[in-house]
Structure formats: C-alpha cells, structure tokens
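Heads up: the structure comes next, in structure tokens.
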Amino acid sequence: MVWDDLYASAFERVRRSIESIERVLLAYNTNIDALKYLRQKDLEDRVEKAGKDEVLRYADKLPKRIDNVPQLLGSILWSIKRGKAAELFVESCSTRFYMRQWGWDELRMGGQVGIMANLLGGVYGVPVIAHVPQLSSLQASLFKDGPIYVPKIENGQLGLVHPKEFNAEEESCIHYIYEFPRGFRVFDLEAPRENRFIGSADDYNPNLYIRPEFREHFDEIASNVELAIISGLQALTKENYLGPLRIVKEHIETLNGKNVPVHLEFAFTPDERVRKAILGLLDNFWSVGLNEVELASIMEVMGEKKLAEKLLLGDPADPIAVTEAMLTLAEKTGVRRVHFHTYGYYLALTDYRGEFVRDALLFAALAAAAKAKLGDVRSIEDVIKAMDVPVTEGAKTVEEILIRKYGMKDGIADVDSYQLTFIPTKIVDKPKSTVGIGDTISSSAFVGEFALR
Ligand code: AMP
Ligand code: GLC
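Residue numbering for the sequence shown follows the working numbering, beginning at 5 and increasing consecutively.
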C-alpha cells in the first residue's frame with residue numbers, strides 16, 4: 005500500500021503550499037467546448053443520411069480539415085474505431101451550422117488556457133493571467149470566480165480584470181466535442197477506449213491569434229508573473245505558422261529574461277514543419293508536457309523512427325522506450341524537465357533532484373482522476389475525494405521494469421545525469437468525459453512542483 009500513503013502525504017503537502025505561487029501566465033488558447041455524448045442510433049441515422057460509403061472513407065483516413073458533413077461524421081468514426089483523440093478545423097459554414105443544429109449536452113470551458121485558468125485560479129486559488137482570443141459574454145460566463153485575470157487597456161494603461169468584467173461583446177469560438185465511452189458501438193465498429201473527436205468552428209485559436217494587449221504590453225504582463233504555461237501552437241500549418249511563432253519566441257525570450265520558468269504544453273501537431281519549428285523553440289522552455297502519441301511524433305521529426313514506433317507498440321507504453329525518448333529530447337534540446345503522461349502512469353525526467361517532483365506528479369494524478377470522474381473539478385474537496393479511486397494494477401509491471409533497469413526506489417531513480425520519477429496513476433473506470441484531463445495533469449504537476457520548492 006506504499007503508493008496510497010505517498011498519494012495521501014503528497015496531497016497534503018501540495019495543498020498546504022500551492023497558494024504560495026504568486027501569479028501564473030497562461031497563453032494562448034481559450035474557447036468554448038460544446039460537449040455531445042454520442043448515441044448509437046442517432047449517429048447511425050446521420051451516417052446513413054449523409055451517405056454511408058462516403059462517410060466510411062474518412063473513417064479510414066482523416067481529412068486534413070472538415071469541409072462537409074460526411075467528413076465530419078467520418079472523422080468521428082475514425083476516432084471511435086481507434087479509441088484515439090483527433091481534432092480538425094471546420095471552415096465550412098454549412099457544416100458549422102449542422103453541428104450547431106445537432107446540438108450539445110453541456111457547455112464547458114475549453115482550450116488549454118481556459119481549462120488551466122479555471123483549475124489553477126478557480127480551484128487552487130493561484131492567481132493567473134489568461135490569454136483569451138475572443139471574450140464573448142458566453143465565454144466570460146464559463147470562467148469560475150477567483151483570482152483569474154485578463155489584461156485590459158484603459159487610457160493606454162494596462163489593467164487586470166476578471167473576464168466577467170471585461171465587457172466586450174466579442175465572438176464565441178466554439179469547439180464541438182463528440183465524446184464516446186469505451187465499448188461504444190456504431191455499425192460494426194467498437195471503441196477500444198473512451199475518447200473524443202473535436203471539430204473546431206473557430207477562426208482565432210487554430211490560427212494562434214494573439215490579442216493586441218499581449219502584443220503591445222507583453223513586457224509589463226511578464227513582469228507580473230512567477231511562472232508561465234504556453235499552449236495552443238498545435239493547429240498551425242505550414243502556411244500560417246511563421247508570424248505567430250515569431251511572436252511566441254519573443255514572448256518566451258522576454259519571460260526568460262525575467263527568469264520566469266516556462267512550461268510548454270505540447271499537443272498533437274499534425275503539420276510536420278510546425279512540429280519541427282516548435283521543437284526548435286524547446287531550448288527556451290524549462291519544461292514540456294506530452295503523452296505517448298505526442299512523444300512519438302517528436303521522435304519522428306528528430307529522425308528517431310524506430311524509437312517512435314516502439315512508443316506506440318505497447319499498452320501501457322514500454323517505459324524503457326519512453327525513458328530513452330525523454331532522454332533524447334532533454335539532451336538534444338536542453339529542456340530541463342520532460343513530463344510524460346499515459347494511461348496508467350506518468351514519468352518525469354529532470355536535470356534536478358528531489359521528492360517534490362514525485363509529490364507534484366501524485367497531486368496531478370489525483371486532480372486528473374477527479375476531472376475524469378466529474379468532468380469538472382469544482383473544488384479542492386473533489387480532488388480529495390479522488391483518493392478513493394484505486395491505483396491501477398496495470399502499472400505494476402511498468403514499476404517492476406523500472407526497478408530492474410534503473411534500481412528505482414519509491415518512484416525515483418538516477419538515469420545518466422537526470423532524475424527519473426515514476427508514479428502509477430488512478431484510473432477512473434467509467435469517466436464522465438475525457439477532454440481536458442491532460443491539461444489538468446500538466447498544470448497541476450508543473451505548478452505543484454514550484455509550490456513545493
Ligand atoms: P491527453 O491525451 O493529453 O488529453 O491526456 C490524457 C491523459 O489523461 C492520459 O495520458 C491519462 O494519463 C489520463 N486519463 C485518461 N483517461 C483517464 C481516466 N479514465 N482516469 C484517469 N486518468 C485518465
Ligand atoms: C484543445 C481543444 C479544446 C479542448 C482542449 C482540451 O485545445 O481545441 O477544445 O478544450 O484541447 O485539452
């Protein structure tokens with residue numbers, strides 16, 4: 005039962021210290037998530053109506069973006085068939101209208117920034133400054149109360165207000181999230197795991213639109229923060245990435261100049277040229293967070309094709325291959341911390357040592373279980389209650405492999421000049437939804453770690 009004890013003490017430690025964090029900058033992607041829990045009959049009827057043969061073509065090969073209804077439905081089937089997440093941009097007005105008419109079961113805060121702002125500011129009480137590309141009243145209403153701020157310029161002066169006080173009738177950026185549980189059936193397909201497909205009806209976040217407040221007053225904004233988390237670079241394409249990434253680079257350099265540690269929340273970036281460009285920025289980051297698919301996609305553009313394949317073979321992913329990939333990433337880019345999460349366990353590779361790295365991961369796993377169970381973490385009590393979710397049995401083998409290979413003890417080992425930290429996670433059997441769990445994990449672990457220092 006050693007892990008149960010470690011979980012309990014880690015939670016207490018992080019809870020006691022998390023409010024010592026002064027301010028976290030979160031940039032760039034915030035949107036509205038319209039969640040639809042898929043139903044078999046409804047989906048089958050829609051596929052038949054749109055033309056089953058054509059729809060099924062896209063269930064085999066995802067289109068690059070969504071231009072019509074068969075592509076939308078086919079992409080949803082693509083995700084169901086593999087139990088894998090995917091996200092595509094929807095430009096076509098008629099498809100946007102179709103999604104709107106299809107409707108949703110729930111509206112939620114979306115985008116890495118929005119989700120992290122509500123968790124850090126609204127639940128942990130850590131002050132955050134958030135980049136919200138468009139603040140409609142609906143978007144504003146999804147922010148929790150608490151120390152969450154957006155920059156506002158009045159008489160040429162930078163001020164910080166809660167999003168609900170921003171009062172600008174801007175556009176609503178809506179992402180339609182089609183969620184399905186493990187075992188969900190449609191025709192002869194069956195989902196091997198719960199997951200979601202996302203269609204983004206949003207002209208701002210996918211293009212990494214950066215607000216004037218952030219372009220013109222970044223130095224002042226950066227002077228007000230202790231930590232920063234960057235996300236939302238994933239939807240850029242070779243046609244539009246150069247301009248936004250130039251600004252992002254300037255922003256990170258400004259933060260570095262003020263000694264603000266910056267975490268990059270890496271998300272699956274389909275365009276290889278953009279992925280390479282992001283990789284080229286990594287030396288400016290303190291830390292990076294990713295899952296197995298994302299790590300494999302980085303290994304691919306680093307020329308490590310064999311390693312990339314190995315990462316995707318096992319379930320859970322082979323921890324030795326994962327460690328090798330994390331080492332390659334850290335050594336080649338100089339990033340100081342790599343945080344890997346997968347279904348069943350997390351690993352962190354850091355160029356510094358201490359139990360606080362592990363305790364922050366444990367805290368993050370509790371928050372993730374709460375998010376999986378409830379869909380939304382409302383309070384720190386929700387996180388405590390996740391203590392009842394059992395530690396997954398599936399991670400035992402992973403732990404044994406790491407003990408044998410690296411002499412790991414209580415989740416900590418020395419590997420080359422780094423510390424490797426492992427924790428088995430708590431897996432919720434029937435999660436309410438899957439969207440946003442990764443963001444919950446990465447932000448809780450990164451901020452938790454600095455709180456414990
Ligand atoms: P991402 O793929 O980045 O959104 O992150 C998903 C992560 O959420 C996985 O790597 C798991 O660590 C975690 N996760 C997914 N499903 C569950 C679940 N049912 N219970 C707890 N954690 C989960
Ligand atoms: C992506 C999606 C957003 C979702 C988020 C969750 O940013 O665009 O809709 O809320 O991922 O991680």
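Every residue, glycine too, gets a C-beta built ideally from N, C-alpha and C.
Please read all numbers here as calculations on a predicted model, not as lab measurements.
{"Asked": "Taking buried to mean at least 16 other C-beta atoms within 10 Å of its own C-beta, is T401 buried or exposed?", "Found": "exposed"}
{"Asked": "Compute every distance between the C-beta of D342 and the non-hydrogen atoms of the ligand AMP, then say whether any falls below 7 angstroms.", "Found": "The sequence given here has Val at residue 342, not Asp. No, since every heavy atom of the ligand AMP falls outside the 7 angstroms radius drawn around the Cβ of V342."}
{"Asked": "Taking contact to mean at least 3 C-beta pairs separated by less than 8 angstroms, is the stretch 98-105 in contact with the stretch 348-365?", "Found": "no"}
{"Asked": "Quick check on A172: buried or exposed, where buried means 16 or more other Cβ atoms within 10 Å of its Cβ?", "Found": "exposed"}
{"Asked": "Tell me the DSSP bridge mates of T429?", "Found": "In the DSSP output, where bridge partners are listed per residue, T429 has none listed."}
{"Asked": "What first and last residue would you give for the beta strand (DSSP E) that runs through Q161?", "Found": "161-165"}
{"Asked": "Starting from N260, trace the alpha helix (DSSP H) in both directions and tell me its first and last residue.", "Found": "246-261"}
{"Asked": "Scan the stretch 126-198 and note each continuous beta strand (DSSP E) run of 3 residues or more that stays entirely inside, going in chain order.", "Found": "132-134, 152-158, 161-165, 178-184"}
{"Asked": "Tell me the DSSP bridge mates of T346?", "Found": "Y349"}
{"Asked": "Spatial neighbours of V393 within its chain, please: CB distance less than 6 angstroms, with the 5 preceding and 5 following residues excluded, ordered by chain position.", "Found": "A373, K430, V432"}
{"Asked": "Please classify C97: is it buried, with 16 or more other beta-carbons within 10 angstroms of its beta-carbon, or exposed?", "Found": "exposed"}
{"Asked": "Measure the alpha-carbon distance for M306 versus P320 and round it to whole angstroms.", "Found": "23 angstroms"}
{"Asked": "Under DSSP, the alpha helix (DSSP H) around F93 begins and ends at which residues?", "Found": "Looking at the DSSP string, F93 is not in any alpha helix (DSSP H); the run it does join, the beta strand (DSSP E), is 90-93."}
{"Asked": "Exposed or buried, what is E308 when buried is set at 16 or more other beta-carbons lying within 10 Å of its beta-carbon?", "Found": "buried"}
{"Asked": "Confirm, please, whether the CB-CB distance from I441 to A368 is below 8 angstroms.", "Found": "no"}
{"Asked": "Exposed or buried, what is V18 when buried is set at 16 or more other beta-carbons lying within 10 Å of its beta-carbon?", "Found": "buried"}
{"Asked": "Is the stretch 176-188 in contact with the stretch 59-72, if contact means three or more CB pairs nearer than 8 angstroms?", "Found": "no"}
{"Asked": "Report yes or no: do three or more beta-carbon pairs, one from the stretch 109-129 and one from the stretch 31-39, lie closer than 8 angstroms?", "Found": "yes"}
{"Asked": "Where do the N-terminal and C-terminal ends of the alpha helix (DSSP H) with E217 fall, by residue?", "Found": "216-220"}
{"Asked": "Please name the residue or residues paired with E269 in a DSSP beta bridge.", "Found": "G293"}
{"Asked": "Which runs of the alpha helix (DSSP H) at least 4 residues long sit entirely within the stretch 22-104? Give them in chain order.", "Found": "44-54, 56-64, 73-86"}
{"Asked": "Going straight from the alpha carbon of D64 to that of Y410, what length do you get?", "Found": "41 angstroms"}
{"Asked": "Have a look at L60, V419, E313, L76 and flag the residue whose alpha-carbon is nearest the alpha-carbon of R299.", "Found": "Residue identity check: residue 299 is Leu in the sequence provided, not Arg. Among L60, V419, E313, L76, the Cα nearest to that of L299 belongs to E313."}
{"Asked": "What's the C-alpha gap between E254 and N288?", "Found": "10 angstroms"}
{"Asked": "Is V395 near the ligand AMP, with its Cβ less than 7 angstroms from a heavy atom?", "Found": "no"}
{"Asked": "Tell me where the beta strand (DSSP E) around G114 begins and ends.", "Found": "110-114"}
{"Asked": "Would you tell me roughly how many angstroms separate the C-alpha atoms of L77 and Q116, rounded to the nearest one?", "Found": "25 angstroms"}
{"Asked": "Just mark L142 as buried or exposed, buried being the case when its beta carbon has 16 or more other beta carbons within 10 Å.", "Found": "exposed"}
{"Asked": "Over the uninterrupted beta strand (DSSP E) stretch that includes L231, give me the two end residues.", "Found": "231-234"}
{"Asked": "Touch check for the stretch 146-157 and the stretch 118-126: three-plus C-beta pairs under 8 angstroms?", "Found": "yes"}
{"Asked": "Verify whether the separation of the beta carbon atoms of I133 and I225 is less than 8 angstroms.", "Found": "yes"}
{"Asked": "Between K167 and E26, how many whole angstroms is the CB-CB distance? I'm expecting something under 8 angstroms.", "Found": "Looking at the sequence provided, one finds Pro at residue 167 rather than Lys. Contact flag wrong, Cβ pair sits at about 20 angstroms."}
{"Asked": "If we ignore side chains and look at the alpha-carbon of each, how far apart do S140 and N211 end up?", "Found": "18 angstroms"}
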